Amino acid sequence: MADHRRINVEEIGDVTVARFVDKKILDETNIQHIGDQLFSLVDDDGRKKILLDFENVEYLSSAALGKLITMDKKVKAAGGKLKLCSVRPEIYEVFAITKLNKLFDIRDDQEQALEGF
Amino acid sequence: MADAAGVAEKFALTIPSDTEAGMVAQNRILSSLERLGYTERDLFGMRLALEEALVNAIKHGNRRSDVKVVRVACDLNDDRAEVVIRDQGEGFDPGDVPDPTAEENLDRPCGRGIMLMRSFMTEVRYADEGREVTLLKVRTVD
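See below:
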């Protein structure tokens with residue numbers, strides 16, 4: 001069975017940093033896998049401080065936004081905190097158009113995001 | 001008309017109702033627009049709009065039926081790109097889709113596709129009770 005891991009996870013202090021492997025988060029199967037892996041960080045591993053690093057991401061569809069919204073709800077329900085960082089300008093525009101920049105805590109880079117988590 | 005050769009591409013694709021086929025169609029159209037010299041930003045917007053429109057046709061229109069197809073007609077040149085996507089579903093009223101940016105809908109995980117299409121395209125038109133969508137992008141000049 002091929003490895004379907006779509007995010008790389010690293011612990012920095014008490015924060016879990018999840019980096020997306022894919023440049024394009026468009027394909028439906030990928031989005032499903034990404035969602036499952038993200039949700040598992042909260043549901044199975046009980047992590048509460050999670051930073052999603054978008055450095056690799058060049059494209060992202062509304063279906064991917066849906067997974068991020070569900071992730072945000074899960075983290076909040078568990079009493080945790082979710083942040084996003086290193087979002088390139090075109091992708092940030094997608095967040096701004098949909099006004100999700102108001103819902104998510106988006107920081108310029110990892111260093112800034114890790115401050116005061 | 002020799003001057004026009006190579007700066008226009010007109011073609012039609014018929015694809016089954018699965019998103020893998022949608023991705024192949026998307027890549028075919030994007031390759032043409034790259035050849036025609038569209039900017040990175042235009043290509044970004046076109047990929048996003050095509051993804052949303054094709055997924056809508058395949059999932060919400062045809063409901064992934066293996067007896068229904070999606071027809072994609074492309075009229076591309078170095079000035080404008082027009083893509084007409086048609087499904088065989090029951091149709092829908094684009095005016096009925098709730099505003100995803102309204103405070104009460106902000107945390108709902110769906111309903112943003114049409115808004116993204118409209119934002120990145122020059123024009124988005126629906127016809128035939130929502131079964132057909134036309135994406136028009138006028139090329140940005142560098």
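Those protein sequence lines, which keep their order, are chains A and B. Residue numbers for the first sequence follow UniProt numbering, so the first one is 1 and each next one is one higher. Residue numbers for the second sequence follow UniProt numbering, so the first one is 1 and each next one is one higher. For glycine and all other residues, C-beta sits at the position ideal for the given N, C-alpha and C. Keep in mind that this is a model prediction, so the values were computed, not measured.
Residue burial classification, residue i (beta-carbon count within 10 angstroms, cutoff 16)
i: B:Ala-5; result: Summary for B:Ala-5: the model assigns pLDDT 48, below 50, so the residue's position carries little reliability; its value from the coordinates is reported in the next sentence. It counts as exposed.
i: B:Ala-81; result: buried
i: B:Pro-100; result: buried
i: A:Ala-63; result: buried
i: B:Ala-57; result: buried
i: B:Val-138; result: exposed
Top-ranked residue by Cα proximity to residue i, from the options
i: A:Lys-81; options: A:Ile-34, A:Glu-10 and A:Asp-14; result: A:Asp-14
i: B:Ala-22; options: B:Thr-39, B:Arg-86, B:Ala-8 and B:Met-115; result: Before going further, note that residue 22 of chain B is Gly rather than Ala in the sequence given. Comparing Cα-Cα distances from B:Gly-22 to each of B:Thr-39, B:Arg-86, B:Ala-8 and B:Met-115, the minimum goes to B:Arg-86.
i: A:Lys-76; options: A:Glu-90, A:Arg-6, A:Lys-48 and A:Ala-96; result: A:Lys-48
i: A:Thr-16; options: A:Gly-46, A:His-33, A:Lys-24 and A:Gln-32; result: A:Gly-46
i: B:Gly-91; options: B:Lys-137, B:Ile-114, B:Arg-47 and B:Ala-127; result: B:Ala-127
i: B:Lys-59; options: B:Gly-113, B:Ser-17 and B:Pro-94; result: B:Ser-17
i: B:Glu-20; options: A:Glu-55, A:Asn-30 and A:Phe-20; result: A:Asn-30
i: B:Asn-77; options: B:Leu-36, B:Arg-41, B:Asp-93 and B:Leu-43; result: B:Leu-36
i: B:Glu-132; options: B:Val-70, B:Glu-123 and B:Arg-112; result: B:Val-70
i: B:Arg-64; options: B:Gln-88, B:Asn-105 and B:Thr-122; result: B:Gln-88
Identity of the residues DSSP links to residue i by a beta bridge
i: B:Phe-11; result: B:Cys-74
i: A:Asn-101; result: None; A:Asn-101 has no bridge partner.
i: B:Leu-135; result: B:Val-83 and B:Val-124
i: A:Phe-20; result: A:Ile-7
i: A:Arg-107; result: A:Cys-85
i: B:Ile-114; result: B:Ile-114 is not bridged to any residue.
Closer than 9 Å, Cβ to any Cβ of chain B: which residues of the region 58–73 of chain A, in chain order? Glu-58, Tyr-59, Leu-60, Ser-61, Ser-62, Ala-63, Leu-65, Gly-66, Lys-67, Leu-68, Ile-69, Thr-70, Asp-72 and Lys-73
So if I threshold CB-CB distances at 9 Å, which residues from the region 23–54 of chain B count as touching chain A? Met-23, Gln-26, Glu-40, Arg-41, Phe-44, Gly-45, Arg-47, Leu-48, Glu-51 and Glu-52
Which of the residues in the region 27–48 of chain A, read from start to end, lie with their CB under 7 Å from any CB of chain B? Asp-27 and Glu-28
Uninterrupted alpha helix (DSSP H) stretches inside the region 46–95 of chain A (no shorter than 4 residues): 62–77
Between the UniProt region "Disordered" (88–107) of chain B and chain A, which residues of the former have a C-beta closer than 8 Å to a C-beta of the latter? Pro-100, Thr-101, Leu-106 and Asp-107
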